[in-house]
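At position 37 of the sequence shown the residue is numbered 39 (the numbering used here), and the sequence of numbers has no breaks. The C-beta atom is built at its ideal place from N, Cα and C for all residues, glycine as well. Model, not experiment: these values are computed from the prediction. One structure is given here, and the rest of the page talks about it.
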Amino acid sequence: MYVGNLSFNATEEQVREMFSEFGTVESVAMITDRDSGRFRGFCFVEMEDSAANAAINALNGKMVDERELRVNEARPREERSGGGGYRGGGGNRGGGSRGGNRGGNRRDDYGGGGSRW
3 MYVGNLSFNA TEEQVREMFS EFGTVESVAM ITDRDSGRFR GFCFVEMEDS AANAAINALN
63 GKMVDERELR VNEARPREER SGGGGYRGGG GNRGGGSRGG NRGGNRRDDY GGGGSRW
């Protein structure tokens, strides 16, 4: 599940506690900024389907820390030419499986990948 609009001070323990009311929480992935390491205000929670549906119904729109939670089924990320992101790989510019061909109509001078933003 995608859980958004969390307080930037929220912790994994708080998220686990909130969702454990509906069933066993298999995992929580707190998403942080790659440069600063600060929590970005959203996470992904894995639970059994029936527990996840109950959590979505109960928690979506609920006010927590003066913020209205957004809880819904996580959707796969759309493919982008630059890779990166949650469980999508990412990493350095150029090389690797992202290609190294510097020819063509590239917008930058780096090998491989496209726009990362």
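C-beta atoms of residue i and residue j nearer than 9 Å
{"i": "F46", "j": "I33", "result": "yes"}
{"i": "M49", "j": "T26", "result": "yes"}
{"i": "F24", "j": "A56", "result": "yes"}
{"i": "E75", "j": "A54", "result": "yes"}
Cβ-based burial, residue i [other Cβ within 10 Å; buried from 16]
{"i": "M3", "result": "buried"}
{"i": "G97", "result": "Low confidence applies to G97: its pLDDT is 49, below 50, so where it sits in the model is not reliable enough to give any reading."}
Residue i versus residue j - alpha carbon distance
{"i": "R72", "j": "D35", "result": "19 Å"}
{"i": "L61", "j": "F44", "result": "14 Å"}
{"i": "D67", "j": "L8", "result": "8 Å"}
{"i": "E19", "j": "S29", "result": "12 Å"}
{"i": "K64", "j": "P78", "result": "24 Å"}
{"i": "E70", "j": "Q16", "result": "16 Å"}
{"i": "A31", "j": "G6", "result": "12 Å"}
{"i": "D51", "j": "N59", "result": "12 Å"}
{"i": "S38", "j": "E81", "result": "25 Å"}
Element boundaries [alpha helix (DSSP H), containing residue i]
{"i": "E28", "result": "Looking at the DSSP string, E28 is not in any alpha helix (DSSP H); the run it does join, the beta strand (DSSP E), is V27 to T34."}
{"i": "R18", "result": "E14 to S22"}
{"i": "N55", "result": "D51 to L61"}
Residue-level contact to chain D via CB, residue i, 9 Å cutoff
{"i": "E70", "result": "Protein chains in the displayed structure number just one, and chain D is not present."}
Residues bridged to residue i (per DSSP)
{"i": "N74", "result": "Y4"}
{"i": "R69", "result": "V66"}
{"i": "F46", "result": "Y4 and A31"}
{"i": "F41", "result": "T34"}
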